[in-house]
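What follows is one structure encoded as structure tokens, with my remarks underneath.
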Amino acid sequence: NRKPPTLLAELEVLCKQLYEGTDLAQRIQAEKVLVELINSPECLSQCQLLLEQGTTSYAQLLAATCLSKLVCKTTPLPIQQRMDIRNYILNYIASRPKLALFVIQALVQVIAKITKLGWFDVQKDQLVFRDIIADVKKFLQGTVDHCIIGVMILSELTQEMNFVSILLSFILIDYSRPSSKHRRIAISFRDTTLKEILMLACSLLKEILAKPLNLQDQQQQNLAIHLLKLVLNCLNYDFIGSSADESADDLCTVQIPTNWRSIFLEPETLDLFFDLYHSLPSMLSQLALSCLVQFASTRRSLFSNPERAKYLGNLIKGVKRILENPQGLSDPGNYHEFCRFLARLKTNYQLGELVVVKDYPEVIRLIASFTITSLQHWEFAPNSVHYLLTLWQRMVASVPFVKSSEPHLLDTYAPEITKAYITSRLESVSMVIREGLDDPLDDTATVFQQLEQLCTVSRCEYEKTCALLVQLFDQNAQNYQKLLQSSSRNSLAISIQEGRLAWLVYLVGTVVGGRLTYTSTDEHDAMDGELSCRVFQLISLMDAQLPRSSNEKVELAILWFLDQFRKTYVGDQLQRTSKVYARMSEVLGITDDNQVLETFMSKIVTNLKYWGTSEPVISRTLQFLNDLSVGYPFNCLVKIDAVKFMLQNHTSKHFPFLGVNDNYGLTDLRCRTIFYTALTRLLMVDLGEDEDEFENFMLPLTVSFETLAQIFNNSFKQEEAKRMLIGLARDLRGIAFALNTKTSYTMLFDWIYPSYLPILQTAVELWYCEPACTTPILKLMAEMMQNRSQRLNFDVSSPNGILLFREASKMICTYGNQILSLGTLSKDQIYPLKLKGISICYSALKSALCGNYVSFGVFKLYGDNHFDNVLQAFVKMLLSVSHSDLLQFRKLSQSYYPLLECLAQDHMSFITSLEPHVLMYIFTSISEGLTALDTIVSSSCCASLDYIVTYLFKHIAKEGKKPLRIREISQDGQRLLHFMQQNSEVLQQMMSILMNTIIFEDCRNQWSVSRPLLGLILLNGKYFSELRASLINSQPSEKQEFLHQCFRNLMEGVEQNLVVKNRDRNNKRYNNFNENMVTNNKTE
């Protein structure tokens, strides 16, 4: 082993390699040396040497990094040593306020970590790490540089308290779901310190505002930035342990504690941040707006009704002031935060509350004007439009529920917003095409999101919207026809016109779909008919040009429209007399939804014929076909000629996307699964037990498999074989997914076995390292193992269940053994090349074990090793995966943990036969999975643990009662018991995790978490008593008696058995225990 560096020169070389080096190998080696340095006894002295004598800022950064990792080690340093480190760093930065900012930030992080991890540490009856505010106040009384450092300490501390930090092998992992220890610290910090920090920050901001602002003074700007960040960290604090998902921005409510009411009731608080916005430069004013977003999101229950009205009035007054002085909104950051601010107003306040505010009429006019201007400048901050449309969507959706006599004025402004959106999008087309700008239509996710918001707004005063769309559609359609008929085709003008038509089709689909979100009348349905006629006519015009000319964006827009029309006007939920068909009957001869379905199917066939090289069009078309095959009476669909054509002609000759040629990449074939799923559903309508019809349907696949067999046997053309195989695997998976009856599934099994499964086995063996080939094949096998709707419950005389499992076992073993030969893989390769395939194998195995169509005892009885082999393959693959990867990759964890649950439930003899190191791996994975955010994972861990603990308890209970002649049977249980006795900390740690979860977390799977606890307590009674005492003592003194009483209630009358009745009774007690603790931990 190499000794860690000791000389300053060696340490500085290490810094250079870590922070400035470009050689990856050198950096990796430097990181290894860093770990050695942290573990060495000289670590603290080396860090001090770097801080005091280092010649570069990177030397100081290395010292801070080492200290950060040192104080977070699993085994904490002694309290006095941590206090010495903290005091040393405080003195160090106080004497060197001009250090590089990143060095100060790193040292401040060390102070924050020490303070957090030692929050409950006591020395001489003093909570020694809680005097941080007093230490910081010394900085605040110094120079501006010292003041900035003090604010940075508070800001970093607030942020650190808000995150869970778990150190695993010197890798810091932050989980969004709080651990029990984190919640205890976070709650205590919230209750004792956070309010004081916020008030301190606000008072310092008031001091800045009171002085003449010198915008050129960089120090003053830095102080203001750090103060605003500190306030924002306070307001972003996870007050109740909910860990809100930041992606759900529009649903966020800030759960301000009740004892903060006085701060929020003072009008000066809001005024301070509005004044800061108007006084500070844009980089700082953006932070002021971010704070206001959080103020606007304050929970409603913090105020009484009159207080809430007054608070809302102050917010609206601030909005008015900003809109009357809009200069600052020209900055994209300010603009974005202001849009968020407006959206939060409607999220948190009802329209009825808004309309009675004094300045509402003027403010809604200003907001409408601001929105219209924003929509017209579509290229400026496009991501912010979402928030403006959210505001208007929610305002319009609330109109039917407003009881106030005050006018809401939305019937005046909503049509103007709709018009601005429509006209601005049409006008953008010319600029996009002529100047080569990014086309908004290419970002379909954003377009769909905006259209779904607009559909509600557009239905307010729908007559105006409809009239506008009719006028624009007629005008653009006529211009398009003239351009097509012109002898000199102007391709640029045609492209512009097609772009406009694409937007118009999207918009028509949007307003038609809006019928489901807003009160509608017969007149509105008639207007929808007017608009829909025009789109159906455009479909005929566009299809008539195929294959000579086409436009992908128009086709995608048409598919959006058809889907919206399907949801709104096709199906049993709608009366056949809808006025939408009156106008369509006159113009198109379409009298009801059956004829619309014929039009849909004809369009699908046309797209599949002519758009084979366009993946987006084919994919969207097949999704539309799939939705139709699920949502409507099949007997209507199968009578349509276009459907009959597809069922009889699903070959590459008619549908080129089914072809296998050089124009297609390996990944382009995935949409075939959807196609065959939909097609097989339609086939099933009249299939019954007609094997001949099934054989005819499968004929194209039969031909492909026979061709493939010849390729394998003769001239081996690898690329052609791969593509053909991938296509077949995807096709068959779609077919297997749709066959949900025993009769139809048996037809498929008889078709594929034994003729074609060996080809798939060979392919997995040959191309195991190419996921593009193995993934579709493994997914096909996993699908075939699914006993959905009891389709695999074969006849008593049939061996098919066992034959199917044997084939699956061979494939999993082949893949598992081959994939392990790949050796070590890089981080970016390990999932696609290895872990994805393993997760599919685990999913297939779980389906087989839980499917109830195989009697696994038969294998051992008749000397068949397929079951043992596949279990051994499971273990080998598992041991090749690190624990961190098990939880990091969601699909892997969601297949492994349910499989483990199934093994623990029905195959404990297998688990007890495992080697101790394998058992330790499995128990460690359960322990880590108990705290996973994913409830599928945590629930499966709890269930697995419950089965194992129950097995152990029953074994111990029965051991003394058994007569000698059957003592031998219990050897399995004895092995497991011996392992647990040798590793008693395993179950104890898991009991500690579960108890902490019940006490300190508002867990979403309460029943699952409490299930294994009774068995754990019965097996570890002594440790439970110690844990209970430790948990009670860790609480503040005023809460200890409450927790003590909760434990008394929990354990009162517990019986020493695991019968169902006793379990259920205890689960109710755990539920009450958790509710009491969560209520006690939350804000009063």
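Numbering of the sequence shown is given in UniProt numbering, commencing with residue 1 and proceeding in unit increments.
Glycine residues also receive a C-beta, built at the ideal position from the N, C-alpha and C atoms.
Counting only runs of 4 or more residues that sit fully inside the region 332 to 392, the alpha helix (DSSP H) segments are 332 to 348, 351 to 355 and 360 to 376, in chain order.
Within the region 95 to 172, the complete beta strand (DSSP E) runs of at least 3 residues fall at 166 to 168. As for any alpha helix (DSSP H) of minimum length 4 sitting wholly inside the region 479 to 541, the runs are 491 to 513, ordered along the chain. A direct Cα-Cα distance of roughly 19 Å separates leucine 760 from lysine 834. CA-to-CA, the gap between proline 382 and serine 290 works out to about 19 Å.
With fewer than 16 other beta carbons inside 10 angstroms of its own, glutamine 545 counts as exposed.
When Phe697, Tyr277, Leu930 and Ala526 are compared, the shortest CA-CA separation from glycine 328 is found for Tyr277. Membership of serine 424 in the alpha helix (DSSP H) is indicated by the continuous run 410 to 435. If you look at valine 554, you'll find it in the alpha helix (DSSP H) that goes 552 to 569. Here DSSP, grouped into helix, strand and coil, assigns valine 764 to helix. A straight line joining the alpha-carbon of leucine 235 with that of leucine 556 spans about 43 Å. In the DSSP assignment, the residues bridged to threonine 298 are Val254. Note that the C-beta distance between asparagine 852 and cysteine 813 is not below 7 Å. Comparing C-alpha distances from leucine 437 to each of Ala445, Ser428 and Thr444 shows the shortest one belongs to Ser428. Taking 7 Å as the cut-off, the beta carbon of leucine 292 is found closer than this to the beta carbon of phenylalanine 273.
Residue nearest to lysine 346 within the set Lys553, Asp864 and Val319 is Val319 (criterion: CA-CA distance). A direct Cα-Cα distance of roughly 22 Å separates cysteine 902 from aspartate 1064. Within the model, the alpha-carbon separation for isoleucine 89 versus alanine 106 is close to 11 Å.
Leaving aside the five residues that flank leucine 588 on each side, the residues in its chain whose CB is nearer than 8 Å to its CB run, in chain order, Cys533, Phe536 and Gln537. Counting only the Cα atoms, alanine 309 lies some 12 Å from proline 267. The straight-line gap separating the alpha-carbon atoms of isoleucine 802 and serine 855 is approximately 8 Å. Collapsing the DSSP output to three states places histidine 866 in a helix. Asparagine 259 and leucine 227 have their C-alpha atoms spaced approximately 22 Å apart. CA-CA distance, arginine 806 to phenylalanine 867, rounds to 8 Å. About 46 Å separates the beta carbon of arginine 583 from that of valine 660, a gap too long to meet the 8 Å contact definition. Considering only Asn1072, Gln497 and Gln818, the residue with the shortest C-alpha distance to arginine 434 is Gln497. Under the DSSP assignment, threonine 444 falls in the alpha helix (DSSP H) whose first and last residues are 444 to 458.
Distance from the Cα of leucine 945 is smallest, within the candidate group Ile911, Gln971, Leu204 and Ile956, for Ile911. With respect to threonine 158, asparagine 233 sits close: the two C-beta atoms are nearer than 7 Å. Between serine 798 and threonine 741 the beta-carbon gap is near 15 Å, outside 8 Å, which marks them as no contact. Annotated as proximal: phenylalanine 139 and glycine 150, with beta-carbon spacing under 7 Å. In the same chain as alanine 943, and ignoring 5 residues on each side of it, the C-beta atoms closer than 6 Å to its own belong to Glu901, in chain order. Annotated three-state conformation of phenylalanine 655 is coil, per DSSP. Our two residues, proline 400 and proline 440, have alpha carbons roughly 33 Å apart in a direct line. Per the coordinates, the alpha-carbon of arginine 670 lies some 19 Å from the alpha-carbon of serine 629. Per the Cβ contact rule, the region 1002 to 1013 is not in contact with the region 1053 to 1061 (fewer than 3 Cβ pairs under 8 Å).
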